[in-house]
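Heads up: the structure comes next, in structure tokens.
There are 2 protein chains.
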Amino acid sequence: MNKEAGPFINARIEKLRLAMGEKNIDTAIIARPENVFYFSNFNPIINSHPAYVIISLKQDACLLVHCIRNDHARMEGSVENVQLYGKWGANVALAMHDIDAIAALLGDSPIRLGVEGDYASVNWLKAVHSKLNAADTSDIAGDIEMLKIIKDAYEIGCIRKSAALVDCGVETAIGCLDAGAHEAAACTEGQYRMREMWHERFQDYEVSGFGSSEGAQVDSLAVWSMANERIAYGCDCPQAYFPVAGDLVLPMSWARIGGYAAENERSVAVGELDALRNRAYDAMLGAREALFAVLRPGTPFEELYLAAMKVFEDAGFSSILPGRCGHGIGLSTHEFPSLTSGNKIRLKPGMVFTVEPGLMTKDWGGVRHSDTVLVTEAGYELLTQSRRDKITIKQCAYR
Amino acid sequence: MNKEAGPFINARIEKLRLAMGEKNIDTAIIARPENVFYFSNFNPIINSHPAYVIISLKQDACLLVHCIRNDHARMEGSVENVQLYGKWGANVALAMHDIDAIAALLGDSPIRLGVEGDYASVNWLKAVHSKLNAADTSDIAGDIEMLKIIKDAYEIGCIRKSAALVDCGVETAIGCLDAGAHEAAACTEGQYRMREMWHERFQDYEVSGFGSSEGAQVDSLAVWSMANERIAYGCDCPQAYFPVAGDLVLPMSWARIGGYAAENERSVAVGELDALRNRAYDAMLGAREALFAVLRPGTPFEELYLAAMKVFEDAGFSSILPGRCGHGIGLSTHEFPSLTSGNKIRLKPGMVFTVEPGLMTKDWGGVRHSDTVLVTEAGYELLTQSRRDKITIKQCAYR
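So the protein lines, in turn, are chains A and B. Residue numbers for the first sequence, in this note's numbering: 1 to 399. Residue numbers for the second sequence, in this note's numbering: 1001 to 1399.
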């Protein structure tokens, strides 16, 4: 397993300790899978037996896992102090249940506890309070969000690789649509070519995602597509639809390398579009141009959104403006913050987000290109590099 | 979108209303994606803007979604009463934020609220309590679990299709390993063949999973594999490892049709195994035989586990017994309940779970076959149908 991440992870733990100190928290129990990974490099993939990172001002960081994951956590994690709960094979644990193990680790003295308030379940926190001396409990989710919003060099390296994969996925799908495949089959080919690229170029990295307590994502390399009014659904499983002249088709791809996601989406015109769709497509390209013109450190996120919206309004699309035109991306595919009205946060080098001003309506469908973008000292860098102009494919006559 | 599920979903809503009545709950807010789907047939796939089902004793069930999902929810969901929050395009919402929308729907009168205590976050419930008159709040997660444990005819039909797909994935991977591919490439071919089977036989059904707030699973058709000591990791991303004579390799597959998962895992011997691994493999086959011999309605789950463990103990593997030898499966890949010591619940027709007594140790690896099994009136039915004996492939000499 790739252990490059170790020094970067230690730096993140130190930053969280600083934030904890400022908020008078001495112990943080981290449970959201993406955050456990952020602070330990450990991704169990299956989360039916949750893993935790316990970060303390008083002791070394600890990675607490179910017995069944002992060897995996020791091999893959960058946190040396691995502790166990549960029962499996020959492994010896602190306790049968996770929270009893945490209590054994932390002892009886009162702690000033930090938890992820937007993740910790009501039942879980009740159990924690019944076993730990932690009457003083605060929410650290926002602090972790603010750490994750600036990507370090290791993270950016991973996202560059993911970006190459999603370019491959979308471009392959477009080629297949152009050759006469239906949407779902074009997506199948896109995913297959992404897997081949993974084998050829990035085989030492994992392509797994983080799932939930209810399901795992061993393979994150995905292409899907929607056309016409189905674009207004937001997201749906691709169908066996053969695009015809006049259609607007939207192939999309996500990929994760070392846990870090990139996104690529392209609007594809099939043959000649009608006047309304042409106007929408041109407005979308203009909105992107206006947005990129102000994309540099110091610009508030809101300004990116408003620059794009002005172009849509001037083109006559005020009634169907999107709620946002991009989102942070990293260990989550839709991460804080949003490119939207009211978001006064200023861009900083190291931020990574999607840029995708678009229009969507059940009347005629939707149009957008989505790219994954890195904010740099000088301005920005497009990590996804597929062509960004008006893309047209022919209608395939022989079906 | 496939709407067969409608009548079955209405029956589930009625069952939950009965359970609510018995617990003096009049309003349930359901938020876990798998459960939202269970009660509405709606899967947004991307959960960055959560969907909710609100089930009340006093009014019709309601599906509450973000504006961006209005068309999708109306097309796909079986709940007619669709309400909106947020802002997107031309859609008109009850309120900007989800909990304000819920408050608008439920009004000011006191409600006796049910929530999923193992899912609802601390922050979320705090916000609910600040906006709703719901001082009396109970946990309904267990009630929903007990509904989901018995699958109806529609669900079983979906799982049969998923089972056919996972058989395909594992069998394809085994064939590729036999032909000299490395593990990750064999998995790529397995997934590709599963996609082809989806196109050929099940194209009308979605293969998407439920993801989390942080990531989506558009495609659930997965094959992965681990060999030798890596089997003891529990789950890991497949690697470019070429198996050699004496190895034990474990190709595994999951698939979802209409949201419902099946699982197939097969232990594969490469050439001749050493005496210890042979003994373990034979013990595993014997443990399965002993377990299936008592698998019928009325048997407690615990008895299945103990029957298998006795065979492992008699074969000399007491020190590395597994913590469980199967788990429920359905909308979750690892669902309540476990086939384990202490689980006194008795098998009933309609239950679906994996049967996978196995051994795992970092010393020599691990061995198990996993099948997805339906409990029937007479006994059981194996939904996965790959060969279940000792599987051997040759070592590929030319690399």
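The C-beta atom is built at its ideal place from N, Cα and C for all residues, glycine as well. Just so it is clear, the structure is predicted and the values come from calculations on it, not from any experiment.
Amino acids of chain A, ordered along the chain, whose beta-carbon sits closer than 9 angstroms to that of Val1218 of chain B: Those are Cys187, Ala222, Val223, Trp224, Cys235, Asp236, Cys237, Pro238, Met252 and Trp254, listed as they occur along chain A.
Cutoff 6 angstroms; reference Phe8 of chain A; Cβ partners in own chain excluding five residues on either side: These residues qualify, in order along the chain: Asp152 and Tyr154.
Amino acids of chain A, ordered along the chain, whose beta-carbon sits closer than 8 angstroms to that of Lys1087 of chain B: Correct list: Gly323.
Simplified DSSP assignment, three categories, for Asn43 of chain A: Assigned with DSSP and collapsed to three states, Asn43 of chain A falls in coil, not helix or strand.
Segment limits, beta strand (DSSP E) that includes Thr392 of chain A: Counting along the chain, the beta strand (DSSP E) containing Thr392 of chain A begins and ends at Ile391 to Ile393.
Members of the region 115-143 of chain A that neighbour chain B once the beta carbon cut-off is set at 9 angstroms: Among the residues of the region 115-143 of chain A, those with a Cβ less than 9 angstroms away from any Cβ of chain B are Val115, Glu116, Gly117, Asp118, Tyr119, Ala120, Ser121, Val122, Asn123, Trp124, Leu125, Lys126, Thr137, Asp139 and Ala141, in the order of the chain.
Short CB-CB distance (under 7 angstroms) between Ile320 of chain A and chain B: At a cut-off of 7 angstroms, the C-beta of Ile320 of chain A has a neighbouring C-beta in chain B.
Assigned exposure category for Val122 of chain A - 16 Cβ within 10 Å defines buried: Buried, by the Cβ-count rule.
Residue(s) in a DSSP beta bridge with Tyr1085 of chain B: As a beta-bridge residue in DSSP terms, Tyr1085 of chain B pairs with B:His1066 and B:Ala1095.
Amino acids of chain A, ordered along the chain, whose beta-carbon sits closer than 7 angstroms to that of Gly1209 of chain B: Those within 7 angstroms of Gly1209 of chain B in chain A are Gly215.
Beta-bridge pairing of Val218 of chain A - partner residues as DSSP gives them: For Val218 of chain A, DSSP records no beta bridge to any residue.
Candidates A:Asp60, A:Leu291, A:Ser56 and A:Leu359, of which the one nearest Ala280 of chain A by Cα: Closest option to Ala280 of chain A, Cα to Cα, is A:Leu359.
Neighbour-count burial assignment, Lys1148 of chain B, 16 or more Cβ in a 10 Å radius: Under a 10 Å Cβ-count criterion, Lys1148 of chain B is classified as buried, with 16 or more other Cβ atoms of the shown protein chains found around its own Cβ.
Contact set for Glu171 of chain A: own chain, Cβ-Cβ below 7 angstroms, skip 5 residues either direction: If we look at Glu171 of chain A and ignore the five residues flanking it on each side, its Cβ neighbours are Ser386.
Sequence-distant residues of its chain with Cβ nearer than 7 angstroms to Tyr38 of chain A (five each side left out): Counting only Cβ-Cβ distances below 7 angstroms, and skipping sequence neighbours, we find Arg12, Lys148 and Leu331.
Neighbour flag for Ser212 of chain A against chain B, beta carbons, 7 angstroms: Interface residue, yes.
Cross-chain neighbours of Ala227 of chain A in chain B, by beta carbon under 9 angstroms: Taking a Cβ-Cβ cut-off of 9 angstroms, Ala227 of chain A has no neighbours in chain B, whose nearest Cβ is about 14 angstroms from it.
Where Val36 of chain A sits in the DSSP three-state scheme: Correct three-state label for Val36 of chain A: helix.
Distance, Lys1348 of chain B Cα to Ser1438 of chain B Cα: Because chain B in this structure spans residues 1001 to 1399, residue 1438 of chain B falls outside the shown range and cannot be described.
Buried versus exposed, by CB contacts within 10 Å (16 or more), Glu1080 of chain B: Glu1080 of chain B should be labelled exposed.
Chain-ordered neighbours of Ser48 of chain A on chain B, where CB pairs are closer than 7 angstroms: In chain order: His1334.
Rounded C-alpha distance that separates Val294 of chain A from Asp389 of chain A: Each residue's Cα considered, the two are about 19 angstroms apart.
Contacting residues, own chain, Cβ-Cβ under 7 angstroms from Leu1106 of chain B (five flanking each side not counted): Excluding its 5 nearest sequence neighbours in each direction, Leu1106 of chain B has C-beta neighbours in its own chain below 7 angstroms: Thr1027 and Leu1132, listed in chain order.
Separation of Glu196 of chain A from Asp274 of chain A, as counted between CA atoms: Computed Cα separation, rounded: 38 angstroms.
Neighbour-count burial assignment, Met1 of chain A, 16 or more Cβ in a 10 Å radius: Confidence is the limiting factor: at Met1 of chain A the pLDDT is only 41, short of 50, which leaves the residue's position unreliable and the question unanswerable from this model.
Selected residue, minimal CA-CA separation from Asn1047 of chain B, among B:Ile1055, B:Ile1054 and B:Val1036: Asn1047 of chain B has its Cα closest to that of B:Val1036, out of B:Ile1055, B:Ile1054 and B:Val1036.
Through-space distance from Val1082 of chain B to Asp1071 of chain B, alpha-carbon basis: Looking at the two C-alpha atoms, the distance is approximately 10 angstroms.
Assigned exposure category for Gly1086 of chain B - 16 Cβ within 10 Å defines buried: With a threshold of 16 other beta carbon atoms within 10 Å, Gly1086 of chain B meets it and is buried.
CA-to-CA distance, Gly234 of chain A to Arg1112 of chain B, given in whole angstroms: Between Arg1112 of chain B and Gly234 of chain A, the C-alpha separation is close to 34 angstroms.
Same chain only: Cβ atoms within 7 angstroms of Tyr305 of chain A, ignoring 5 sequence neighbours per side: Closer than 7 angstroms at the Cβ level, and outside the excluded window around Tyr305 of chain A, lie Arg324, Cys325, Leu339, Thr340 and Ser341.
Own chain partners of Gly1077 of chain B with C-beta closer than 7 angstroms, once the 5 adjacent residues on each side are dropped: Excluding positions up to five away in sequence, the list reads Ser1040, Asn1041, Phe1042 and Leu1063.
Segments of 3+ residues assigned as beta strand (DSSP E) that fall wholly inside the region 1197-1275 of chain B: List check, beta strand (DSSP E) in window: 1222-1227, 1248-1257, 1260-1265 and 1268-1270.
Lys1362 of chain B beta carbon less than 7 angstroms from that of Ala1232 of chain B: With respect to Lys1362 of chain B, Ala1232 of chain B sits close: the two C-beta atoms are nearer than 7 angstroms.
Closest Cα partner of Gly365 of chain A within the set A:Phe301, A:Ile140 and A:Asn278: Considering only A:Phe301, A:Ile140 and A:Asn278, the residue with the shortest C-alpha distance to Gly365 of chain A is A:Asn278.
Any C-beta of chain B under 7 angstroms from that of Asn2 of chain A: Confidence at Asn2 of chain A is low in this model, with a pLDDT of 46, below 50, so its placement is unreliable and the value that follows should be read with caution. For Asn2 of chain A, the answer is no, since every Cβ of chain B falls outside 7 angstroms of its Cβ.
Chain B within 7 angstroms of Tyr192 of chain A, Cβ atoms only: It does; some Cβ of chain B falls within 7 angstroms.
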